Each structure stands twice: as structure tokens, then as C-alpha cells.
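*Asks:* So the mapping is simple: the working numbering equals the position in the sequence shown, first residue as 1, plus 610.
Built from N, CA and C at the ideal position, the CB exists for glycine as well.
Note that this is a predicted model, so its numbers are computed, not measured.
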Amino acid sequence: MRRALIVGGANGIGLSIATHIAQRDDYDRVYILDKSAIESRYHNEKFVHHTFDLLSEDYSILNKFEDIDTLMITAGFGRLAHFADVDEQYIIDSFGVNTTAVIRIIHHFYYKLQSSKDFYCGVMGSISGFISSPLFAVYGASKAALKIFIESVNVELEMTGSKNRILNISPGSIRGTSFYNGATDLSLTSAIASDIIEHLYAKDDLFIPQYEEIFKDVLARYHNDFRAEGRHSYEYKMQSDRMKK
């Protein structure tokens, strides 16, 4: 039987992915590593929850999960704010959770990615890692670092003969998650969770949800004139409900 580890799987898109995987007959256990507890209404008999803060220095807890063949890292946080309004600890913690923790976890399980055996690995990035994102500067920078890391390591895997890849999932805003201090609603995240898992098992290296509908044009505008697109992004966010929260 197969086993998965979902880092950040206690709520939001991570919980949705964990729930989808637990519904599969070929998995008998889904480990969830998160500093938050899982709400009782989302309990699944295949879930095994471990409490862990990604800002910890000691990552030896990862030794408990050597039996996995699936790894999804969905933990991360950010908030819309002018850079002048964020404190230094926010900067440190943002990179600690969004970037450094992800790289440390992948480093721990890298031998599985290098193996001839199938290993499925996905990371929740952000479209903010591809374009300038005013009012999201620190978050975007932390995700941009992940983008380059994933692209670079995937080339190393390819050139050394491995068929395994790290999937960079880079969406825009996802409804039904707790990212903006909202409530988890699996009915809103189920469809995108299913799409993510499909790309994960295909060993794709990039998945941008709503690419054709939205982000193909956004990325084209950005590459044509990143300054103008940055101004457009700033104005859009300033007028959004997310900025008002």
C-alpha cells in the first residue's frame, strides 16, 4: 500500500489534496504535518496528524515518513501590504516557511526523487513567483526563489537520469482556503485539488491553474512591459476586498 505526506495539510488546499488522496484505495495512510489541528468534521481514518512548526530548527521529524511515495508541500502564508508596513520578523518568517522549509524538506527526501522508483512530489508555489507583485513583494520574492529552485533541480534530475520531477503548482488566489484568514471550504477547493493530483501523477513540472483563461495574457503583458503590468497589479489589489481585510 502507498503512503503520502502532506505538509500543511490541516486546512485549505492541503487538506483538500489529502482528502482526495485518502479516497484512493491504493493508499492506506496519509500523514499530515502541520502546526494546526484538523477540524473534527474533516477527520478521515487514513489521516495521521503530526504537529510541527516549519520555523523549527530541528527537522528530524521527517525521519518518521521514510515509507512515503508521495509528497505534497502546501504550507505557506502571505498578506497584502505595502513593504513599508511589514516588520522584519515577517520577512524572516516568510522565507522560513515559504522557501527554506520547502527546500529543506525536499533535500531530506531527495534520494527518493533520484531513485528509479516512482516518487511524486508537488509544491504549492504562486503566480506571484512569475511576475512582479506589488503589495505582495515579500511573498512574491519567497515564491520566485522556489520557482528557480524547482526549475534548477528538475534539470538536475533529468540530466542524471531520473524520471521523477517536482511539480510547481502556481495558482492565483484560491477560494475556500484559509490563506487570507478565511475558512476552509472543501467544496470550493475540490476541483483544483483534483487537477493538482492529476498533474502530480503525470510527473509534470508546472501547473498554472486558469492559464488559458487568465494567466497566459497576464504573463504576456508582464513580459511585454513589466512596469505597466506592475502598476495594473497594484491598482487591482488596492481595489480588492483582500486589501480591505
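Leaving aside the five residues before and after D636 along the sequence, list all residues of the same chain whose C-beta is less than 8 Å from its C-beta, in chain order.
*Replies:* M611 and R612, listed in sequence order.
*Asks:* So which of R841, K826, T770 and A803 has the shortest CA-CA distance to I623?
*Replies:* Nearest C-alpha to I623: A803.
*Asks:* Quick check: L767 and G735, are their CB atoms within less than 8 Å of each other?
*Replies:* Their beta carbons are not under 8 Å apart, which means L767 does not touch G735 by this criterion.
*Asks:* Whole alpha helix (DSSP H) runs in the segment 649-720 with 4 or more residues, listed along the chain?
*Replies:* Fully enclosed alpha helix (DSSP H) runs of 4 or longer: 698-705 and 711-718.
*Asks:* Assign F759 to one of three DSSP states: helix, strand, or coil.
*Replies:* Three-state result, F759: helix.
*Asks:* With distances taken from CA atoms, which of D703, S725 and I760 is nearest I713?
*Replies:* I713 has its Cα closest to that of I760, out of D703, S725 and I760.
*Asks:* Please go through the segment 753-834 and give each complete beta strand (DSSP E) segment of 3 or more residues, from N-terminal end onward.
*Replies:* Runs of the beta strand (DSSP E) inside the segment 753-834: 776-779.
*Asks:* When the Cα atoms are used, what is the spatial distance from H653 to L777?
*Replies:* So the two alpha carbons sit approximately 27 Å from each other.
*Asks:* Cα separation between K727 and R775?
*Replies:* Answer to the nearest angstrom: the Cα atoms are 12 Å apart.
*Asks:* Do I737 and S872 count as a contact pair if the criterion is CB distance below 8 Å?
*Replies:* No answer is possible for residue 872: it lies beyond the span of the chain, which begins at 611 and ends at 855.
*Asks:* Please check the pair T799 and S646, which I expect to be a contact at CB under 8 Å, by giving their CB distance rounded to whole angstroms.
*Replies:* Going by Cβ atoms, the distance from T799 to S646 rounds to 16 Å, so no, they are not a contact pair.
*Asks:* Assuming contact is defined by CB atoms lying nearer than 8 Å, are A628 and V617 in contact in what I supplied?
*Replies:* No.
*Asks:* Do I701 and the ligand COA come close, with the Cβ less than 7 Å from some heavy atom?
*Replies:* In terms of ligand content, the structure shown is empty, and the ligand COA therefore cannot be addressed.
*Asks:* Using the rule of at least 16 other Cβ atoms within 10 Å of the residue's Cβ for burial, across every protein chain shown, is F693 buried or exposed?
*Replies:* F693 is exposed by the Cβ-count criterion.
*Asks:* Which residues bound the alpha helix (DSSP H) around G732?
*Replies:* No alpha helix (DSSP H) holds G732; the beta strand (DSSP E) holding it covers Y730 to M734.
*Asks:* Hey, H630 and L643: beta-carbon distance below 8 Å or not?
*Replies:* Contact flag unset, no.
*Asks:* Taking the Cβ atom as the reference point for each residue, do L810 and Y730 lie within a distance shorter than 8 Å?
*Replies:* In contact: L810 and Y730 (Cβ atoms closer than 8 Å).
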